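Numbering-wise, the sequence shown is residues 1 to 258 according to the UniProt record's numbering. Have a look at the structure below, then the notes.
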Amino acid sequence: MESRTLGIIGGTGWLGRATAEALLESSFIKPDHLLISNRSGVSTFEPGVKLLADNQQLVDLSDIVVLSIRPEQFRELQINARGKLVISLMAGVSAAAISAATGADVIVRAMPNAAVEIRQSFTPWYCIGNLVERDREWVQRLFECVGAADELPDEDGIDYLSALSGTGPAFPAMLQMALTNQAVAAGIPLAIAQRAAQGVMVGGGQMLANRDPRQMIESLMAYRGVTAAALQSMADQGIESIVGRAVQAGAEVARRGL
Numbered sequence: 001m002e003s004r005t006l007g008i009i010g011g012t013g014w015l016g017r018a019t020a021e022a023l024l025e026s027s028f029i030k031p032d033h034l035l036i037s038n039r040s041g042v043s044t045f046e047p048g049v050k051l052l053a054d055n056q057q058l059v060d061l062s063d064i065v066v067l068s069i070r071p072e073q074f075r076e077l078q079i080n081a082r083g084k085l086v087i088s089l090m091a092g093v094s095a096a097a098i099s100a101a102t103g104a105d106v107i108v109r110a111m112p113n114a115a116v117e118i119r120q121s122f123t124p125w126y127c128i129g130n131l132v133e134r135d136r137e138w139v140q141r142l143f144e145c146v147g148a149a150d151e152l153p154d155e156d157g158i159d160y161l162s163a164l165s166g167t168g169p170a171f172p173a174m175l176q177m178a179l180t181n182q183a184v185a186a187g188i189p190l191a192i193a194q195r196a197a198q199g200v201m202v203g204g205g206q207m208l209a210n211r212d213p214r215q216m217i218e219s220l221m222a223y224r225g226v227t228a229a230a231l232q233s234m235a236d237q238g239i240e241s242i243v244g245r246a247v248q249a250g251a252e253v254a255r256r257g258l
């Protein structure tokens, strides 16, 4: 169990709260080593977790500070975190901007997604500053409490992955909605269309957890049947280019700042 004190600014928002709950449930951190700040002053965390209304007080009492706030809220945040390790969960706010605003020399930028709620997020992260090996291992273990994590070699990767893995269920949700709508247009009753499309996304996702997608596609194409015809149509219409342009559009927003 971690002995250092962790403070989460915005820890009652959906991302901050899900992260805090995962850290507590996995015994990564003790309740009395976790500090939460928010504007409302309302907390339903287990006893021992300390709720603060003053962000600077949280910073002063913490060894490590997590910024789990929206980018637009960051513009209003006024804290002095000099000498602290600061971990940002914000999209589109560069490490240099965070350092300039907070005075911190060691900044970790990370991009978890909505799957933190089910402990299935993929969280890429990148650090500027002198992150000692003990802290590097600590950061990796922290994000593994909510799923899988990888350290990236450059900050631009965070901006790109903000638009890829950072979208969480958004891309599957859009595909599921498209499948549903097209089935309804083809005359399938709505309730049945919804269950069929959901079965594709949920069942397929579970199967892909332990399978190579290219091998699966190749094996299905080999049958030269219904599935192969659908897959070939998607390929002919440039599915990879469509996805590539979509991710790049999101990445450009992250790169220029929200």
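For glycine and all other residues, C-beta sits at the position ideal for the given N, C-alpha and C. Keep in mind the model is a prediction, meaning the values are calculated, not measured.
Next item on the list: Check L89 in the structure and name its three-state DSSP category.
Entry: Note: L89 maps to coil in three-state DSSP.
Item checked: Cβ neighbour criterion (16 or more within 10 Å) applied to T123 -> By the neighbour-count criterion, in which 16 or more other beta carbons inside 10 Å mark a residue as buried, T123 falls on the buried side.
Check: Just reading off the beta strand (DSSP E) that S233 is part of, what are its end residues?
Finding: Going by DSSP, S233 is part of no beta strand (DSSP E) but of the alpha helix (DSSP H) stretching over 226-236.
Notebook entry, point to check: What runs of the alpha helix (DSSP H), each 4 residues or longer, lie entirely inside the stretch 6-55?
Noted result: The DSSP assignment places complete alpha helix (DSSP H) segments of no fewer than 4 residues inside the stretch 6-55 at 14-25, in order along the chain.
Next item on the list: Give the straight-line distance between the Cα atoms of L231 and R245, rounded to the nearest whole angstrom.
Entry: Using only the alpha carbons, I get a separation of about 20 Å.
Item checked: Contacts around S99, its chain only, beta-carbon distance under 6 Å, and the 5 residues preceding and following it disregarded -> Around S99: I107.
Item checked: Span separating the alpha-carbon of A251 from that of D159 -> Inter-residue distance for A251 and D159 is about 5 Å (C-alpha atoms, whole angstroms).
Note to self: In whole angstroms, give me the CA-to-CA distance for A110 and V66.
What the structure shows: A110 and V66: Cα-Cα distance of roughly 10 Å.
Check: Whose C-alpha, out of S219, L51, R195, T5, is nearest the C-alpha of R17?
Finding: Sorting S219, L51, R195, T5 by C-alpha distance to the C-alpha of R17 places L51 at the top.
Check: Taking 7 Å as the line, does the beta carbon of G225 fall inside it for any heavy atom of the ligand NAD?
Finding: Among the ligands in the structure shown, none appear at all, so the ligand NAD cannot be discussed.
Next item on the list: Helix, strand or coil for S121, going by three-state DSSP, please let me know.
Entry: Note: S121 maps to strand in three-state DSSP.
Check: Which first and last residues belong to the beta strand (DSSP E) in which V66 is found?
Finding: Segment 64-67, the beta strand (DSSP E) holding V66.
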